[in-house]
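Below: the structure, in structure tokens.
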Amino acid sequence: MPNHERNPDGSARHRASAMDRARRWHAADPDPDDRARLLSLIDEQDRSAIDGLFDGRLHFGTAGLRAPVGVGPNRMNRLMSAITALATARVLMEQAGTDPVGPVVVAHDARRGSREFAAEITDALCASGLDAMTISGPAPTPLAAFAVRHLDASAGMVVTASHNPARDNGIKVYWSDGAQIAPPVDRQISDAMDNLFVDLWSGGQIIGPHGPARGSVEDLGSVEDLGSVEDLGSVEDLGSVEEGTPLVEAYLSEAAGLPRSEGRHPVVVAYTALHGVGADLLELALGRMQSVELVQVASQREPDPLFPTVEFPNPEEPGAMREVLELADAVSADLAIANDPDADRLAIAAPAEEGGWQVLSGDETGALLAHHLFTLTSDIDDRLVATTVVSSRLLGSMARADGVHFE
């Protein structure tokens, strides 16, 4: 591999060796444990390990970042979280031009390192001059996406690896529409990260326009300290996922206003959070419907970053719903539902005619939801549904049959 890279202007520059990168990462890393581990590798001149950690870096896409937690730019850690936030802030400011940039919602799940990574993101946003609005404690990703639109935020950043294995963590980014980023924003954030790495590998500090992010210098103090510095962003606490919190109450109000049919009551639902963060908000939402009896898998209700009762915490994986289906049998449930750890994915199972349970595919669940909405909105003109290119064509056929516009 040639020992050069490209500057942002396209000119060639010397490529820092993996050992040089390790030393510069060590100088910038805000995590004392990671610094100690890395210093040990540097002192031992463990070039094989250092090459594996510092040859290349994670690349940002529409799904954000996901990787094992560890040291260096190929892993998820506090410094990668700060770099991602600084890059996102740069893109937001470039898009805004001379207009002010709205606040950024910051949330996290219950995985290893999530709270610390979210704090680093908050600090980096404030160091860039942007305001941050943080959800206290672990929160479902959909609540953060809702907060972006509800609070007129410019973006949202959620620390989560979704349904990945326990060793992983990651970052998802949502734009002002409350949806995950789409091209070209992902490329713009990735390019901004490239430029930050150019600065880091050349020995410079990683800085926002109003000062360095905490961790790129020896000590800038806490989030509260950053918020008190002139020209730095401020931090607003949105509260935790509990009844009475304004954000949660707004979310529950929106959920209560969704169209629903008046069927037989109560519907018995067996549910598992798969050791994730979905249970608290779901309990509040279904509790207010007064038409659902919720029965939960107790061993999987509380957040646990080790996911001890499942091999892979993805509800769509074979075996992941075993405990909730056993519970559904025991209580003669009408439905069995499983969320993934950050509660933005779910799997549904219904009783099969021949006995047992039929786990629905995503396309089958989508078709049932569409039928439900078509039935309840038959008196509304100019209805529109949209789908993705990887989804079944069934929705299009259903829409045409019901006189619904389809894209």
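Counting from 1, position 217 in the sequence shown corresponds to residue 277 in the numbering used here; the numbering is continuous, with no gaps.
Note that CB positions come from ideal geometry on N, CA and C, so glycine has one too.
Since this is a predicted model, take the numbers as computed values, not measurements.
Helix, strand or coil at residue i according to DSSP, with G and I counted as helix
{"i": "E314", "result": "helix"}
{"i": "N399", "result": "strand"}
{"i": "G271", "result": "Reliability fails at G271, whose pLDDT of 47 lies under 50, so the model's placement of it is uncertain and the value that follows must be treated cautiously. Three-state result, G271: strand."}
{"i": "D80", "result": "helix"}
{"i": "L454", "result": "helix"}
{"i": "A167", "result": "strand"}
{"i": "A88", "result": "helix"}
{"i": "P365", "result": "coil"}
{"i": "R107", "result": "helix"}
{"i": "P62", "result": "Unreliable placement is indicated for P62, whose pLDDT of 43 sits below 50; the coordinate value is still reported in the next sentence. Of the three classes helix, strand and coil, the one that applies to P62 here is coil, per DSSP."}
{"i": "G463", "result": "coil"}
{"i": "E371", "result": "coil"}
{"i": "L146", "result": "helix"}
Limits of the unbroken beta strand (DSSP E) element including residue i
{"i": "L344", "result": "L344 -> not in any beta strand (DSSP E); alpha helix (DSSP H) instead, spanning 339 to 349."}
{"i": "D159", "result": "Premise fails: D159 is in no beta strand (DSSP E) and is neither H nor E."}
{"i": "G379", "result": "It is not in any beta strand (DSSP E) - G379 carries neither H nor E in the DSSP assignment."}
{"i": "D297", "result": "295 to 297"}
Closest Cα partner of residue i within the set the options
{"i": "S530", "options": "A96, R95, G162, S108", "result": "Only positions 61 to 467 of the chain appear in the structure, and residue 530 is not among them; the question remains open."}
{"i": "G336", "options": "A396, A403, E377", "result": "A403"}
{"i": "V165", "options": "R443, G173, L342, G293", "result": "G293"}
{"i": "W235", "options": "I266, L211, A184, A459", "result": "L211"}
{"i": "A145", "options": "V233, M381, R453", "result": "V233"}
{"i": "R81", "options": "L260, T437, L312, P363", "result": "L260"}
{"i": "G524", "options": "A167, R97, Q155", "result": "This structure gives no information on residue 524, because the portion of the chain shown stretches from 61 to 467."}
{"i": "A388", "options": "H119, V357, L139, C186", "result": "V357"}
{"i": "P90", "options": "S100, V131, L385", "result": "V131"}
{"i": "A87", "options": "M349, Q265, T447", "result": "Q265"}
{"i": "G189", "options": "L152, L444, R348, V328", "result": "L152"}
Terminal residues of the alpha helix (DSSP H) in which residue i lies
{"i": "I249", "result": "245 to 261"}
{"i": "P319", "result": "P319 -> no alpha helix (DSSP H), and no H or E assigned at all."}
{"i": "V391", "result": "382 to 391"}
{"i": "G426", "result": "422 to 436"}
{"i": "D469", "result": "Because the chain is modelled from 61 through 467, residue 469 falls outside the range shown and cannot be assessed."}
{"i": "A207", "result": "201 to 210"}
Cβ neighbours of residue i in the same chain (closer than 6 Å, five flanking residues each side left out)
{"i": "G456", "result": "F466"}
{"i": "S141", "result": "F177, E180, I181"}
{"i": "P163", "result": "D191, M193, A213"}
{"i": "I195", "result": "A167, L298"}
{"i": "G271", "result": "Since pLDDT at G271 reaches only 47, below the 50 mark, its modelled position is unreliable, and the value read off the structure follows with that caveat. The residues are A187."}
Own chain partners of residue i with C-beta closer than 7 Å, once the 5 adjacent residues on each side are dropped
{"i": "D374", "result": "With the sequence shown as reference, residue 374 is identified as Asn, and Asp is not the correct amino acid for it. The answer, listed in chain order, is H223, A380, D400."}
{"i": "V419", "result": "M381, A407, A409"}
Measuring CB atoms only, is the segment 431 to 441 touching the segment 398 to 418, in the sense that at least three cross pairs come out at less than 8 Å? Short answer: they don't touch.
When the Cβ atoms of the segment 316 to 328 are set against those of the segment 213 to 220, are three or more pairs found closer than 8 Å? Too few Cβ pairs lie closer than 8 Å, so no.
Validate contact between the segment 110 to 121 and the segment 237 to 252 using beta carbons, cut 8 Å, 3 pairs: Counting Cβ pairs under 8 Å, three or more are found: they touch.
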